[in-house]
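Just so you know, the sequences run in chain order B and S.
Each step along the first sequence adds one to the number in this note's numbering, with nothing skipped, and position 277 is 1579.
Each step along the second sequence adds one to the number in this note's numbering, with nothing skipped, and position 136 is 249.
Notes follow once the structure below has been shown.
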Amino acid sequence: MTTGTWRLTTLVIRRERLIAPFWMALLAVLAAGQAGRYAQSFPTARSIADFAREMAANRALTAFAGEVHSPTVAGMAVWKNADAIYTVLALIAILTIVRHTRGEEESGRAELVGAGVIGRFAPLTAALVFTAGAMVATGLICALAMISTGFDVTGSLSFGAAITAAGLVFTGVGALAAQLTEGARAAIGLAALVLGVSYLVRFTADGSGLTWLKWLSPQGWSHLVRPYGDDNWAALLPALALAALTAALAYLLAGRRDLGHGLIPQRPGPAGSARLRSPLSLAWRLHRGLLAGWSVGYAVAGLVLGALARSIPEVSRQGASVQEFLRRYTASPEASMTDAYLWLIALSLGYVAALYPLLALLRLRKEELEGRAELLLATPVSRLRWAGGHLFLALAGSALILAVAGLTLGLAAGDPLGVLGGTLVQIPAVWVLAGVGVLAFGLLPRAAAGISWAAFLFVNLFGEVLGPIMGIDYWIAKYVVPFPNLPMVLSGEEFGAGPLLVMTVITIACSGAGLTALKRRALA
Amino acid sequence: MNTAISVQALHKSFGRAHALDGLDLTVRTGEVHGFLGPNGAGKSTTIRILLGLMRATSGRVTLLGGDPWRQATELHRRLAYVPGDVNLWPALTGGEVIDLLGRLRGGLDASRREELLERFELDPRKKAKTYSKGNRQKVALVAAFASDAELLILDEPTSGLDPLMESVFQQCVVEEKQRGRTVLLSSHILSEVESLCDRVSIIRAGRTVESGTLAELRHLTMTRITAELAGPVPELPWAGGLVTEGRRVTFQVADHDLDKAVRRLSETGIVALTSQPPSLEDLFMRHYESEKSAR
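See the structure below:
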């Protein structure tokens, strides 16, 4: 049943040989680079302990990063970046496992392979072997990077194990989702939903102080390992158990269903349509599922995160680190910690929402590559109208999800209109990413997917994570990332339209250039 | 206007590779024009240039009197296209796709749509992702035939159809022709070309090697003779591909040498004789194979 697994695994390795080393290295830099930077900034045990104490008291930050377990350089580096590493690796695990299971079936390549001397379970096994192997390798690389920077071996290994555990759980979840749904996109959506819920539960645990809630979240288990603290290896057990259970269920389903099918059978649809009459109405059909998923996710996130706002305690504002925190996220001495927290949440919703227009615009490239654009553009539909429809929905969709999250966040936090304003100002910053997406698609279509994901990661990591590791001053981010330029309307700043107008102009200029390039180039 | 498509000295290069190397193609209004050539000869590239999806490197291209690159949108109102590899939106049903493409082309004939669905035995309520290759092609064909386009561009439209559907397709093309529409049909199926096309163009390695009616093209080739003789086989200096088995001989001969060859045979005494006109297969094999030697 698993004949040919090894040959398929080598095929997967070959196809991943460029992208996998890239993200493994990125995560190792996030882990060890941060530690190196802290070692420079806090040269004495006393200074790092002060920093740890200030951070531990700041619940607006610990909600994002988790509890402080060890007031050492290594411990604080883990505190700062571990949650981002767990979440990013989990997302990578989902994308990788789905790409090599359901993605292959959808493209028809699995059929070609399945007709060879290949066991029924070989493709799933090969995908699992590669993805799980990559998760173990990533944990190991991160641990080695920490050890070579000079940190405690046991702590480094438990950190690596916590990273691997987060990846393994979502390898299993992704494998199961790929068997349940009929399309790769639906599988990614389902697994990402589990990841989102897991993130919110962990966030709620640390934001509310109800830390036992962490036992209900896969990312929480990795946090509970407490690297460089008491190295609680037992917290890995539920992660390994869930990874094994989901993988086993995936095998069970793979053995029972037909190639190309999911569990939910197809029903016949309408025999025709009077509503599909324009490229825009078609684009709406293609985008509405994505939009609905994001809207529901954002509504729930807004409710949960907003409810936590009331439980953010005030802190002493004496320490240097707290001062820096206030400088970044508040604009007036009167702003409370709750205000700072709400602005941080609004910003985070904006940072994550930046993915929406990029995903929406990458559909254009998919339509082009898979020949559907050709079918459409051989009718009297101009390229401008075709791409314009998708661009419009990318812009309107990202505005809508931010509005939805702003409403629920504000309702739960007790300030509906004010908080809504705070999330709406994110819109022009998110739109800049849409401009980047259109520009890439028009000018460098082959690299569009890579550019889009790189732009998303760059915007999210540069200011808070990569910049500090590279020793770049936080405020430099203002010149390369839109979000730090937004008026902090939730934490004391007056609304000013200036930066928003600049961002809108950048969006228009990039989109215009991208669409012009699209008009001139050959289609794939 | 009596020329639907006019292509002269068309060149298209991708980097250093030359996909089209001086291609000529003339399709007269109202004719069904066969567009033939081995895989990779440049048929699809030519069609993509005709549709304005790609820009020619050099050469003159006129489609329905306009420039296919600059006036793509206006020209597309008057044509319908069926790609060789039809990819549809997986979540849409076949009927929805037909309606969408029809509306975008400016409306389609509802009764003709029903009739075509019945003739092609296509269930329009199924999601596109559940269709086979042949059924996806039927979706594109129904949408094209139900439109009121004056020009149909069909790129290997029957490669996934069964013989029954192939004959329905042929009837449809004949009907289109009777309505005065022009059809550019790229195909590998020779019986299809033979029964449908008024004229054909054969291309090879990005260049047109032959163009004309089938009768004209046949004339350029050889007649195959098989004969059983009363005595030993004589010298036949005009014969090609000569095979002798005792008193039985098979060879090919050009039309202008036919008379001399048959006289020579009858001098020995003919017991039995068959002569075959050149088949389309022979015609194409000659062109397709000479491509190998050209490489």
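Note that the Cβ used here is the ideal one computed from N, Cα and C, for glycine as well.
Proximity below 8 Å, CB of residue i to CB of residue j
i: Leu1610/B; j: Ala1365/B; result: yes
i: Phe233/S; j: Val210/S; result: no
i: Ala1362/B; j: Leu1646/B; result: yes
i: Tyr1388/B; j: Ala1468/B; result: yes
i: Gly1652/B; j: Gln1728/B; result: yes
i: Thr159/S; j: Leu136/S; result: yes
i: Pro345/S; j: Arg361/S; result: no
i: Pro1718/B; j: Gly1724/B; result: no
i: Ala1757/B; j: Leu1735/B; result: yes
i: Val286/S; j: Val195/S; result: no
i: Leu1660/B; j: Gly1739/B; result: yes
i: Leu1459/B; j: Ala1445/B; result: yes
i: Gly208/S; j: Ala1573/B; result: yes
i: Gly1855/B; j: Ala1585/B; result: Since the first residue shown for chain B is 1303 and the last is 1826, residue 1855/B is missing from the structure and cannot be characterised.
i: Trp1733/B; j: Leu1768/B; result: no
i: His124/S; j: Thr186/S; result: no
Residue-chain proximity (residue i, chain B), Cβ-Cβ < 8 Å
i: His124/S; result: no
i: Asp198/S; result: yes
i: Leu133/S; result: no
i: Lys251/S; result: no
i: Asp212/S; result: yes
i: Trp351/S; result: no
i: Glu307/S; result: no
i: Glu144/S; result: no
Proximity test, Cβ basis, 8 Å: residue i and chain S
i: Thr1681/B; result: yes
i: Lys1821/B; result: no
i: Leu1663/B; result: no
i: Leu1825/B; result: yes
i: Ala1749/B; result: no
i: Gly1485/B; result: yes
i: Pro1770/B; result: no
i: Gly1571/B; result: yes
i: Ser1684/B; result: yes
i: Leu1677/B; result: yes
Exposed unless 16 or more other CB atoms sit within 10 angstroms - verdict on residue i
i: His1589/B; result: buried
i: Asp1775/B; result: exposed
i: Thr1440/B; result: buried
i: Glu269/S; result: buried
i: His369/S; result: exposed
i: Glu1408/B; result: buried
i: Tyr1631/B; result: buried
i: Ile383/S; result: exposed
i: Val313/S; result: buried
i: Leu1664/B; result: buried
i: Ala1731/B; result: buried
i: Val356/S; result: exposed
i: Phe1627/B; result: buried
i: Val1598/B; result: exposed
i: Ser406/S; result: At Ser406/S, the pLDDT of 49 sits below 50, so the modelled position is not reliable; the number obtained from the coordinates is stated separately. Its Cβ having fewer than 16 others within 10 Å, Ser406/S is exposed.
i: Ser1500/B; result: buried
i: Thr1311/B; result: buried
i: Leu1391/B; result: buried
i: Arg408/S; result: At Arg408/S, the pLDDT of 43 sits below 50, so the modelled position is not reliable; the number obtained from the coordinates is stated separately. That one is exposed.
i: Glu1413/B; result: exposed
Per DSSP, the bridge partner or partners of residue i
i: Thr336/S; result: Val366/S
i: Ile118/S; result: Val140/S, Leu176/S
i: Leu264/S; result: Leu192/S, Thr295/S
i: Ile315/S; result: Leu149/S, Glu323/S
i: His131/S; result: Ser126/S
i: Gln389/S; result: Arg337/S
i: Glu358/S; result: Arg361/S
i: Ser171/S; result: His124/S
i: Gly1814/B; result: BP columns for Gly1814/B are empty, so no partner.
i: Leu342/S; result: Ile383/S
i: Thr206/S; result: Lys240/S
i: Gly353/S; result: Gln365/S
beta-carbon residue i near the ligand NAD non-hydrogen atom, thresh 7 Å
i: Leu371/S; result: The ligand NAD is absent from the structure shown, which contains no ligand whatsoever.
**Prompt:** At what residue ranges does the region 1741 to 1801 of chain B contain a whole run of the alpha helix (DSSP H), taking only runs of 4 or more?
**Reply:** 1750 to 1763, 1779 to 1782
**Asked** Enumerated in chain order, which unbroken segments of the alpha helix (DSSP H) with a length of 4 residues or greater are wholly contained in the region 1638 to 1662 of chain B?
**Response** 1639 to 1655
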